[in-house]
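A.B. asks: I have a structure here, written as structure tokens, and I will follow up with some questions on it.
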Amino acid sequence: MDDIDHLGWSPALAHAFADTAAPGQIAGRIIAHHRGHYELTYAGGTLHAQCAGRMRHHDDGLGLPVVGDFVIARIEAGAATIDAILPRRTKFARAVGDLTRHDVAKGEQIIAANIDYVFIVTGADADFSVRRLERLLGAAFGSGAIPIIVLTKIDLGLAPPMIAQLALEAPGVAVYQVSNATGEGIAPLRGLIGHGRTALLVGSSGVGKSSLVNRLLGMERQATSVTDNNGRGRHTTTSRDLFLLDGGGMILDTPGIRAITQWQTDGIEDAFADIAAVAADCRFADCRHQTEPGCAVQTAIAAGTLDARRLADYARLDHELKALARRGDKRAEAAQTRQKRILTASHRKRPPP
Ligand SMILES: Nc1nc2c(ncn2[C@@H]2O[C@H](COP(=O)(O)OP(=O)(O)OP(=O)(O)O)[C@@H](O)[C@H]2O)c(=O)[nH]1
Ligand SMILES: [Mg+2]
Ligand SMILES: [Zn+2]
């Protein structure tokens, strides 16, 4: 299985694979996830993948695969069926319980697995806020990966006081300064991600995560927002994708954390992984699981493999989360305005160097 070494395959994974895999099964890494469908890279290339029915219905304690997972799969007719997840070395998760008052959604939403670095990306612009980084720092420390703060947009000339503030408020966390506009500081960051290592990018919408991915890849691979330079949420990136860097190393782009509806939709899919897994087989991608033809959820309820009460819970929570998301967006907006005022005031008071 030497052929997936560059993806971060390790002796520990090889052992776990040898212990559990049956003849004909292969190992690969999940490089993308879009609503129940996965992309899997293995020694033979990259294929579309889906979870085996067995995996969707019986919880093995690991839940469903996330981007970065190494999995055991079968390949049939040019597509992969995922049978099991190999043990996760690290995982970056967000608590989803605080987004809702319902215990049913309590728990964690795993964003990515088997990562080596969490790049907490923040822009050296008017949106800069150390407070906003706190939860990400907490989550990064809890992941088992190494947290790194990446301060982008240093070409705007606002970085020096922010560097000082970060040194004070996030002691011991390395800060890399980059400009995606000029390319300054990209090489040291690129050098950090060694062969077979994976860096996860997190941070608010508009901080320059996808611009950084393009810089690191040396090509315009990810779409970035074109007009908005000040970080107002456009939510340009909507999925999580793992990219291979030339000469080894991988980088995982994610949607900005202010893409709140997107995240909450993801959260609800994790809390209702059983429904999400069945719903992947609905005929229509936007199926509401009511009276639509070809609805796999209704079929499962009729067949007795899914509890109708689960669907009712799901519908109720989905409704509430949407309402919360609207309120959450307003709170985020207000916090942003406050921060901007504070920052402007502190700039005025700053003595000349
Ligand atoms: N001046 C300057 N602008 C930058 C820099 N990095 C990104 N930008 C601009 O900031 C805007 C947002 O960049 P994106 O890379 O799309 O941000 P993102 O973090 O991927 O945003 P989401 O996908 O919505 O989470 C774009 O207009 C970029 O051109 C930088 O280093 N300097
Ligand atoms: Mg993006
Ligand atoms: Zn349906």
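For the record, in the sequence shown the residue sitting at position 342 is 347 according to the working numbering, with numbers rising by one throughout. Ideal placement from N, C-alpha and C gives every residue a C-beta, glycine not left out. On a predicted model such as this, the values are computed, not experimentally measured, just so you know.
1. Considering only residues of the same chain and omitting the five flanking positions on each side of residue 18, which have a CB-CB separation below 6 angstroms?
2. Please determine whether the Cβ atom of residue 42 lies at a distance below 7 angstroms from any heavy atom of ligand 3.
3. Below 8 angstroms between beta carbons: does that hold for residue 117 and residue 73?
4. Is any non-hydrogen atom of ligand 1 found closer than 7 angstroms to the C-beta of residue 244, if you look at the structure I gave you?
5. When the Cα atoms are used, what is the spatial distance from residue 295 to residue 313?
6. Is residue 180 near ligand 1 - that is, is its Cβ less than 7 angstroms away from at least one heavy atom of it?
7. With a Cβ-Cβ cutoff of 8 angstroms, do residue 30 and residue 79 count as a contact?
8. Residue 126 by DSSP, collapsed to three states: which one?
9. Have a look at 40, 32 and 172 and flag the residue whose alpha-carbon is nearest the alpha-carbon of residue 50.
10. Look at the alpha carbon of residue 234 and the alpha carbon of residue 211, and state the distance between them as a whole number of angstroms.
11. From residue 197 to residue 183, what distance separates their C-alpha atoms?
12. Helix or strand or just coil, what does DSSP make of residue 10?
13. Quick check: what's the CA-CA separation for residue 319 versus residue 280?
14. What distance in whole Å lies between the Cβ atoms of residue 217 and residue 302, which are believed to be in contact at a cut-off of 8 angstroms?
15. Exposed or buried, which one is residue 8 when buried takes at least 16 other CB atoms within 10 Å?
16. If I'm right that residue 175 touches residue 142 with Cβ under 8 angstroms, what's the distance once you round it to whole angstroms?
C.D. replies: From the atom records:
1. Here residue 18 is taken as the residue at index 13 of the sequence shown, counted from 1. So the list reads 75 and 91, once near-sequence residues are dropped.
2. Position 37 of the sequence shown, counted from the first residue, corresponds to residue 42. Result no, Cβ not under 7 angstroms from ligand 3.
3. Counting from 1 along the sequence shown, the entry for residue 117 is found at position 112. Counting from 1 along the sequence shown, the entry for residue 73 is found at position 68. Yes, the pair counts as a contact, with Cβ atoms nearer than the cut-off.
4. For the purposes of this step, residue 244 is taken as residue 239 along the sequence shown, with counting starting at 1. False, no ligand heavy atom lies under 7 angstroms from that Cβ.
5. By 1-based counting over the sequence shown, the position of residue 295 is 290. By 1-based counting over the sequence shown, the position of residue 313 is 308. Cα to Cα, the separation comes out at about 11 angstroms.
6. In the sequence shown, counting from the first residue as 1, residue 180 sits at position 175. Checking the Cβ of residue 180 against ligand 1 gives no.
7. If you number the sequence shown from 1, residue 30 lands on position 25. If you number the sequence shown from 1, residue 79 lands on position 74. Yes. Within cutoff.
8. Here residue 126 refers to the residue found at position 121 of the sequence shown. Correct three-state label for residue 126: strand.
9. Within the sequence shown, numbered from 1, the residue matching residue 50 stands at position 45. Answer by Cα proximity: 32.
10. For this step, residue 234 is matched to residue 229 along the sequence shown. For this step, residue 211 is matched to residue 206 along the sequence shown. Its pLDDT being 47, under 50, residue 234 is placed unreliably by the model, and the measurement read from it follows with that caveat. Cα to Cα, residue 234 sits roughly 7 angstroms from residue 211.
11. Indexing the sequence shown from 1 puts residue 197 at position 192. Indexing the sequence shown from 1 puts residue 183 at position 178. Those two C-alpha atoms are separated by around 13 angstroms.
12. Here residue 10 corresponds to residue number 5 of the sequence shown, with the count starting at 1. In this structure, residue 10 counts as helix in the three-state DSSP scheme.
13. Looking up residue 319 in the sequence shown gives position 314. Looking up residue 280 in the sequence shown gives position 275. Between residue 319 and residue 280, the C-alpha separation is close to 8 angstroms.
14. Locating residue 302 in the sequence shown gives position 297, counting from the first residue. Locating residue 217 in the sequence shown gives position 212, counting from the first residue. The beta carbons of residue 302 and residue 217 sit about 39 angstroms from each other, so the pair does not count as a contact at 8 angstroms.
15. In the sequence shown, residue 8 corresponds to position 3, counting from 1. So residue 8 ends up on the exposed side.
16. For the purposes of this step, residue 175 is taken as the residue at position 170 of the sequence shown. For the purposes of this step, residue 142 is taken as the residue at position 137 of the sequence shown. So it is a contact: roughly 6 angstroms between Cβ atoms.
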